[in-house]
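Q:
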Amino acid sequence: AFLHMVDRQGGEILTLLKQLKIDDTTVFFLSGDNGGQDYFKDDEHPHGFFGPNLNPLTGERFRAGKGSLYEGGLKVPFLVRWPGKIKADSNSDHLLYFPDVMPTLAALTHSDCPKTDGVSFLPSLLGRGRQQQHKYFYWEYLGQTAVRMNQWKAYKGRKGDWELYDLSKDTEEKGNLALVELPMLSRLIECAKVAHEPADPGEIYSRTLIEKDRRQAPH
13 AFLHMVDRQG GEILTLLKQL KIDDTTVFFL SGDNGGQDYF KDDEHPHGFF GPNLNPLTGE
73 RFRAGKGSLY EGGLKVPFLV RWPGKIKADS NSDHLLYFPD VMPTLAALTH SDCPKTDGVS
133 FLPSLLGRGR QQQHKYFYWE YLGQTAVRMN QWKAYKGRKG DWELYDLSKD TEEKGNLALV
193 ELPMLSRLIE CAKVAHEPAD PGEIYSRTLI EKDRRQAPH
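Here the sequence shown stands for residues 13 to 231, where the numbers follow our numbering.
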C-alpha cells in the first residue's frame, strides 16, 4: 500500500509539472528514508513478513532492516529525473547520503552553499567531471555505530565487539573480518572517534509531567 501511494503521488507531481510546462526544466529527486522492514519474523517468514531486503542488481540479501545500521537499514532507493541531462535507465555506483543533496542543488543552480558535511554529486549525475568522494561515512543510531570507508565497513551494536566487513565481497555482511584485518578495523574505529559528537539531551522531564502534558493536549 505504501509503495502504491508513493508511486501514485510521484506520478501526480510529474503530471503537474507537465501541465505547468516546466517538466523539462525541473530536476526530480525521489528517495527512501530507511531500509525496508524486517519485522514480524516467524518460521514461515525468517526475514520478516515483507521478505528480505534484496540487492535489486544481484539478488543478494542485505542484512537486517529499518532501524539497523547493517546494510538492510541503510540502503535506500535514490532516483533522479533530469530531462536532457541524465540519460534514461542509467545508473551509478557512487556512494552518497542525504547531506549531499543540498550542495548538489547549489551546484546545479550555481548558488552559494554554506559549508556542510555534504559533497555535491553533480558530476555523477551529468556523467562528466571529477567526482569528489567522501573520506568515510559515519552513522550512530540507538546505541549502534557504523563507519564505512570505500568497501570496508565497521559495525558495533548495542552490545558486543566491533565487526568488520568487506562489502565488495560480502554484501550480506556474513563474514566478520575484525580479527583478520586489525589495521583496517583500527583505522575505522579512529574515524568513529573523530566523527562522534556528544548529544545535548536538554532538560529531562519527569514521566509524571510528560503524562500530564499528554492528557491535556488537544486530540
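Glycine included, C-beta positions come from ideal geometry on N, C-alpha and C. Since the model is a prediction, treat every value here as computed from it, not as a measurement.
(1) Can you look up PHE90 in the DSSP assignment and give me helix, strand or coil?
(2) Expressed to the nearest angstrom, what Euclidean distance is found between the alpha-carbon atoms of THR12 and LEU29?
(3) Could you check what DSSP says for GLN156 in three-state terms: helix, strand or coil?
(4) How far does the alpha helix (DSSP H) with ASP19 in it reach, from first residue to last?
(5) Can you list, in chain order, the residues of its chain whose CB lies under 7 Å from that of LEU200, leaving out five sequence neighbours each side?
(6) Who pairs with MET196 in a beta bridge, going by DSSP?
(7) From the DSSP secondary-structure annotation, give me the bridge partner or partners of LEU66.
(8) Please classify LYS127 as buried or exposed, where buried requires at least 16 other C-beta atoms within 10 Å of its C-beta.
(9) In whole angstroms, what separates the C-alpha of CYS203 from that of GLU175?
A: Based on what the coordinates show:
(1) The residue labelled residue 90 in the question sits at position 78 within the sequence shown. DSSP places PHE90 in strand when its eight states are reduced to three.
(2) Given a span of 13 to 231 for the chain in the structure shown, any question on residue 12 remains unanswerable.
(3) Within the sequence shown, residue 156 is the residue found at index 144, counting from 1. Correct three-state label for GLN156: strand.
(4) Position 7 of the sequence shown, counted from the first residue, corresponds to residue 19. ASP19 -> alpha helix (DSSP H) spans 14-31.
(5) Residue 200 sits at position 188 when you count from the first residue of the sequence shown. Result list for LEU200: VAL159, MET161, TRP164 and ALA166, in chain order.
(6) Stepping through the sequence shown from its first residue, residue 196 is reached at position 184. Bridge partners of MET196: none, in fact.
(7) Position 54 of the sequence shown, counted from the start, is the residue given in the question as residue 66. Beta-bridge pairing by DSSP links LEU66 to ARG73.
(8) Here the question's residue 127 lines up with position 115 in the sequence shown. Per the 10 Å Cβ criterion, exposed.
(9) As a working mapping, residue 203 is identified with position 191 in the sequence shown. As a working mapping, residue 175 is identified with position 163 in the sequence shown. Roughly 15 Å separates the two Cα atoms.
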